[in-house]
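Residue numbers (my numbering), protein chains in the order written: chain A, 14 to 300; chain B, 21 to 361.
Below is the structure:
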């Protein structure tokens, strides 16, 4: 153990920096999370399981994680597109669009929820034509996905944008001069470069969506078994002074989130380690 | 040695000064109260606080500032349990104040016996709000369970008002010829099958009904219904009074541990008692709460129609029991939404 520490400490201030990091993470993240687990442990295993696996809770996990995944996937595709447009093209109002991307960050989530509900409600601007087509947007799982897409928008854009800005145009030109088609240039040269950043953005958008409460409760309709998200179920339990029951569900969410975030992070690591070899690889493959 | 004595004396002096300043703040020229209340009382306490400040100034010469906090009733109770320094709580139902007593011990269990009439200076009831002209001909509770009627009411698990709605419907079904527990359970089940959106609070449901134009009927506090009409104009919605409803008693209480710590017991007590005076009752009635005082009630008789009202004690055996049977996890309300039933 000491060996590893010594080996890595060739930069000065390692002990101090690590100490602060551990303290900071403990205070901000670990201690509150530990308290959650501690509170949940006041339940017996049977009680815990009964609460955590009740049909209503399971339906809410399905909705929360499903809609979050849908929202993050939409953001993965369109976030890369938005970043591409913002970096590669110049057009009037570009600055404005660029700052618009951050708006979902800055807006209080309740405001976002009310605004989205007003628009997608059956009497709203978008809700009315959708309803005429037989599509129920607000007060349905679709509404939940819409809200989660909205709040997750900045993550992929903001993580992909700097990578694209740093990317040498020469790489693409080289690929083209070596006879690569446009699709090959994109899939073999551009994509591998931005993939780690895009995945990181995807993971953040997903994590953010799983925990989202404020905007969703307005648009979802909150029907048990149908459009009730897990954070609402937790609030419902708290409102009945059932602190232990609420933490039981919270623990399930935490574990699920960890299980889902871990592979995403590994994937991101793997693709960024691949990235270093890309120019050589790509040139090889194209030839 | 001398230094220690000096330091000790200094500390004592500082302590005395702090004690004195707290004392003088409580008994001198100024005092502040925090009233933690639920959602629809905003307008009521805005008016009442002004009147009380004037009254208290004239009586004692003391300037009282009253801070207000509003939100969902059980959320507010939880804030007090978690340490919000409320001198006074004025919540939607007795169960929430019971919870403060049980979970934090901030006031004694028999708090509701300390003020007249179940510690409820004003009451309300549950009525229907329908679209102008009542296009679906909704007259009474049994119209709400008909197929094709869309009913808006908040979630009883998160909203105090919604619990009154639910219990009013239950009590109606129980009092019908041949009514029993099973019939009542079927009745509320059919009613909630007609609910397309369950908001988390009473104001949220009002918004859904009024702004989003969803639903044919909103089950609402009488005072909320009056407020909606006042704000929207009588050409949009109208009130329908059912044949029977429930006497909704939103109680008030002093939080003993807090007022004793802050030294505000006298003014807090006076604040609550002022609610029972003709002036306080008048303000309640103007804000569409039903006054308790006979003389004021008579004056506003034209505003508040006569409804046959049942109480929670006579039909449900009090809040503790009603909460446990109907709204606790796995209770009757949860069973409505269990699949395959």
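We put the beta carbon where it would ideally sit given N, CA and C, even for glycine. Bear in mind the structure is a predicted one, so any value in this text is a computation, not a measurement.
Notebook entry, point to check: Which partner residues does residue 149(B) have in the DSSP bridge list?
Noted result: 238(B) and 259(B)
Margin query: Give me the residue from 285(B), 326(B) and 236(B) with the minimum Cα distance to residue 153(B).
Written below: 236(B)
Item checked: Selection from 188(B), 87(B), 73(B) and 70(B) that minimises the alpha carbon distance to residue 334(B) -> 188(B)
Next item on the list: Mind checking who residue 55(B) pairs with in its DSSP beta bridge?
Entry: 88(B) and 108(B)
Item checked: Beta-carbon proximity of residue 286(A) to residue 212(A), cut-off 8 Å -> no
Check: Out of 195(B), 294(B) and 249(B), which has the shortest C-alpha to C-alpha gap to residue 70(B)?
Finding: 294(B)
Item checked: Buried/exposed call for residue 85(B), threshold 16 Cβ in 10 Å -> exposed
Check: Cβ of residue 186(B) less than 8 Å from any chain A Cβ?
Finding: no
Item checked: the region 73-81 of chain A touching the region 151-170 of chain A, judged by at least three CB pairs closer than 8 Å -> yes
Notebook entry, point to check: Taking C-alpha atoms, which residue in 245(B), 315(B) and 191(B) lies nearest to residue 301(B)?
Noted result: 315(B)
Next item on the list: Return yes when the Cβ of residue 249(B) is within less than 8 Å of the Cβ of residue 146(B), no when it is not.
Entry: no
Checklist line | Which residues DSSP lists as bridging residue 132(B), in chain order | finding: Its beta-bridge partners do not exist; DSSP assigns none.
Checklist line | Rounded C-alpha distance that separates residue 61(B) from residue 136(B) | finding: 20 Å
Note to self: Please list, in chain order, the chain B residues whose beta carbon lies closer than 7 Å to that of residue 249(A).
What the structure shows: 177 and 178
Margin query: What does the alpha-carbon distance come out to for the pair residue 182(B) and residue 174(A)?
Written below: 48 Å
Margin query: Check this for me: beta carbons of residue 234(B) and residue 226(B), under 8 Å apart or not?
Written below: no
Item checked: Where the region 213-246 of chain A meets chain B: residues whose CB sits under 7 Å from a CB there -> 230, 234, 235, 236, 237 and 238
Check: Run through DSSP, which three-state label would residue 41(B) get?
Finding: Summary for residue 41(B): the model assigns pLDDT 49, below 50, so the residue's position carries little reliability; its value from the coordinates is reported in the next sentence. The answer is helix: DSSP assigns residue 41(B) an H, G or I state.
Margin query: Here's the rule: buried if 16 or more other CB atoms are within 10 angstroms of the residue's CB, otherwise exposed. What is residue 190(B)?
Written below: buried
Next item on the list: Report, in whole angstroms, the separation of the C-beta atoms of residue 271(B) and residue 138(B), which I expect to be a contact under 8 Å.
Entry: 6 Å
Note to self: Strictly under 8 Å for the Cβ-Cβ distance: is residue 134(A) near chain B by that measure?
What the structure shows: yes
Next item on the list: Note the first and the last residue of the continuous beta strand (DSSP E) segment covering residue 277(B).
Entry: Taken as a continuous stretch (DSSP letters only), residue 277(B) belongs to no beta strand (DSSP E), being part of the alpha helix (DSSP H) at 276-282.
Check: Going by alpha carbons, who is nearest to residue 221(B) out of 67(A), 252(A), 218(A) and 194(A)?
Finding: 252(A)
Margin query: Only counting the same chain, and skipping five residues up and downstream in sequence, which positions put a Cβ closer than 6 Å to that of residue 346(B)?
Written below: 352 and 353
Checklist line | Nearest-angstrom Cα separation, counted from residue 248(A) out to residue 260(A) | finding: 10 Å
Check: Since residue 255(A) and residue 349(B) are thought to touch, with beta carbons under 8 Å apart, how far apart are those beta carbons, to the nearest angstrom?
Finding: 7 Å
Note to self: Less than 6 Å between C-beta atoms, sequence neighbours within five positions excluded: which residues of the same chain meet that for residue 99(A)?
What the structure shows: 111
Next item on the list: Check whether the Cβ atoms of residue 126(B) and residue 255(B) sit closer than 8 Å, and answer yes or no.
Entry: no
Notebook entry, point to check: Are the C-beta atoms of residue 341(B) and some chain A residue less than 8 Å apart?
Noted result: no
Notebook entry, point to check: Just the Cα atoms here: how many angstroms apart are residue 130(B) and residue 97(B)?
Noted result: 17 Å
Next item on the list: Within the region 49-112 of chain A, note down every full alpha helix (DSSP H) run reaching 4 residues or more, in order along the chain.
Entry: 58-65 and 68-101
Check: Taking residue 324(B) as the reference, which of 332(B), 305(B) and 264(B) has the closest Cα?
Finding: 305(B)
Next item on the list: Specify, as a first and last residue, the run of the alpha helix (DSSP H) that residue 328(B) falls within.
Entry: First-last for residue 328(B): 328-330, but that is the beta strand (DSSP E), not the alpha helix (DSSP H).
Notebook entry, point to check: My guess is that residue 268(B) and residue 259(B) are in contact by the Cβ rule of under 8 Å, so how many angstroms apart are they, rounded?
Noted result: Going by Cβ atoms, the distance from residue 268(B) to residue 259(B) rounds to 15 Å, so no, they are not a contact pair.
Next item on the list: Indicate the three-state DSSP secondary structure (helix, strand or coil) for residue 142(A) in the structure shown.
Entry: helix
Notebook entry, point to check: Taking DSSP as the reference, what is the three-state secondary structure of residue 242(A)?
Noted result: coil
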